[in-house]
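Here the structure comes first, spelled out in structure tokens, and everything after it is commentary.
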Amino acid sequence: MSSASAPRVGIGVILVNPAGEILLGRRLGSHAPAWSIPGGHLEEGETFETCAIREVLEETGLHIRSPQLVSVCNDLETYAQSGRHYISLTLLARVNEGDEPELREPDKCAGWIWCDPHQLPAPHFASSRDGISNWLTGRFYQSESDNMPG
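Note that the sequence shown covers residues 744 to 893 in the working numbering.
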């Protein structure tokens, strides 16, 4: 298998405010027009936590500390739709009262909203939706057989 066809690693971050809401962005570009938590690609030699901190700062201007890994998803839904295979890791971080995101990458995101995690807007990017679901239910991973009827 060549590196061009190997799965990539995506990092998403569930940011929770004191009201229990999570931050979502309306994505543009390759994930358009889906909603998603902040995140991006893991760079070579980078820890999951460092990537989460970097991506949140780049996209929102928010400074986070001590993000914790809460979910892993083998994103075969995106693979079926676009031919791009991702292993998506979701981390969790809390933000302080009054911390508000900035729109730092308007070419990639139309804007940020705080949202009830139990009422996600649609359409929603698969790995973001699944990472949030795993976090809410206390599951770390859902296999394909977990999602099959019967």
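Cβ coordinates follow ideal geometry from the N, Cα and C atoms, glycine included.
| request: Would you check if the distance between the CB atom of residue 803 and the CB atom of residue 776 is smaller than 9 Å? | output: It is not a contact, given that the beta carbons lie outside the stated cut-off.
| Hey, would you say residue 807 sits closer than 9 Å to residue 783, going by beta carbons? | The Cβ atoms of residue 807 and residue 783 do not sit closer than 9 Å to each other.
| message | Please report the straight-line C-alpha distance between residue 858 and residue 793, rounded to a whole angstrom. | response | A straight-line Cα-Cα distance of about 25 Å links residue 858 and residue 793.
| request: Give me the Cα-Cα distance between residue 759 and residue 826, rounded to the nearest whole angstrom. | output: Distance between the alpha carbons of residue 759 and residue 826 is about 31 Å.
| said: Applying the 10 Å Cβ sphere with the 16-neighbour rule, what's the burial state of residue 819? | reply: Answer is exposed; the Cβ neighbour count stays below 16.
| Would the beta-carbon of residue 754 be found less than 8 Å away from any heavy atom of the ligand SAM? | Absence of the ligand SAM from the depicted structure is noted, as is the absence of any ligand whatsoever, leaving it without description.
| When the Cα atoms are used, what is the spatial distance from residue 836 to residue 748? | Cα-Cα distance, rounded: 31 Å.
| query | Nearest to residue 856 by alpha carbon, out of 761, 816, 767? | reply | Nearest Cα to residue 856 within the set 761, 816, 767: 767.
| request: For residue 749, name the three-state secondary structure that DSSP assigns. | output: Residue state, collapsed to three classes: coil.
| message | Checking 9 Å against the spacing of the C-beta atoms, do residue 850 and residue 771 come in under that value? | response | Against a cut-off of 9 Å, the Cβ pair of residue 771 and residue 850 comes out as a contact.
| query | Should residue 864 be labelled buried (16 or more other beta-carbon atoms within 10 Å of its own) or exposed? | reply | Exposed, since its Cβ has fewer than 16 Cβ neighbours within 10 Å.
| query | With residue 854 and residue 751 assumed to form a contact (beta carbons below 8 Å), what rounded beta-carbon distance in angstroms separates them? | reply | Actually they are not in contact, since the Cβ atoms of residue 854 and residue 751 sit about 26 Å apart, beyond 8 Å.
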